[in-house]
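See below for the structure under consideration.
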C-alpha cells in the first residue's frame, strides 16, 4: 500500500504529452470539435485503463503464485523504465530542430480540421497505443496497484482513477471548450502553437526527470 504514493508523479508524467494534447486542441478547434473531442478523449482514456489493468492483473497473478512475485514485477518494470526513459531523453534531444529552424507540425494535423467523432476515436486509440512514455508508466502503475494487496473493488477503482488522472490533460480542455468561450478558444490556439514549437524540449526534460525518478525508486527497492 505504501508504494501507491509513486502513482502521483507517474500520473503527472502521463499528463505531459505534447502531441496528444495538440491533437485534442486541434480537434476542439475543428468544425465538429464539440462531438469529436469527447470521443477522442474517451478512446485515449479507455486504452490507458486497459493497459493499467493489464499491469495490475500481472502483478496480482505474480503475487498469488509466488512469494514477493508482485514486487519482482514492479522491480523489473522500474529498471526497464529507468533505462528506457534515459534513452528516450537522449533521442528527444537529438531530434530537436536546429537553431533558427521552426518545428514542423505532424503531417496528420491537417486532416483534423474535418475529423468525425468516429475518426477522432480512432485517432485517440492510435495516440494511446503508440505513446512510448505513457504505456510503460501505465503498466508500472497497474503493477503497483496489483501488488498492493487491495480488495478487488479497490483495485478496479484505483486503476480507473489512475487512468483518468493520466488523461486529464485531454479531458479538462474538452470540458472547458464545451462552454464555447472565446477566451478558451484563444488559449487553446496559443497552447497548440507552443506545444508544437517546444515539443522536443518538453519531452527531453520530461524523460530526463522520469528517468531520475525511476532510478531513485530502483535504488530504494534494491537497498530497502
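Numbering (this note's numbering), first residue to last: 1300 to 1523. The C-beta atom is built at its ideal place from N, Cα and C for all residues, glycine as well.
- Contact annotation: the stretch 1465-1485 does not touch the stretch 1372-1379, with fewer than three C-beta pairs closer than 8 Å.
- Inter-segment contact for the stretch 1501-1512 and the stretch 1310-1319 is present: three or more beta-carbon pairs are separated by less than 8 Å.
- The Cβ-Cβ distance between residue 1356 and residue 1422 does not fall below 9 Å.
- Taking the CA atoms as reference points, residue 1498 sits about 20 Å from residue 1340.
- Taking C-alpha positions only, residue 1336 is separated from residue 1522 by approximately 46 Å.
- In the DSSP annotation of this structure, the continuous segment of the alpha helix (DSSP H) that includes residue 1516 starts and ends at 1498-1522.
- Of 1352, 1384, 1418, 1496, the smallest CA-CA separation from residue 1331 is found for 1418.
- Each of 1347, 1333, 1318 was checked against the Cα of residue 1424, and the nearest Cα belongs to 1347.
- Proximity to residue 1399 across 1408, 1519, 1502, 1496 peaks at 1496, based on C-alpha coordinates.
- Shortest Cα-Cα distance from residue 1492 to any of 1307, 1305, 1387, 1320 involves 1320.
- The shortest C-alpha to C-alpha distance from residue 1480 to any of 1304, 1460, 1328 is the one to 1328.
- In this structure, DSSP gives residue 1448 a state outside helix and strand, which the three-state scheme calls coil.
- For residue 1443, the CB contacts under 7 Å within the same chain, skipping 5 residues up- and downstream, are 1302, 1303, 1305, 1306, 1373 in chain order.
- For residue 1312, the enclosing alpha helix (DSSP H) stretches over residues 1306-1314.
- The C-beta distance from residue 1472 to residue 1323 rounds to 6 Å, short enough to fall under 8 Å.
- The DSSP-derived three-state label of residue 1354 is helix.
- In the three-state DSSP reduction, residue 1439 falls in the helix class (H, G or I).
- Between the alpha carbons of residue 1404 and residue 1317 lies a distance of about 11 Å.
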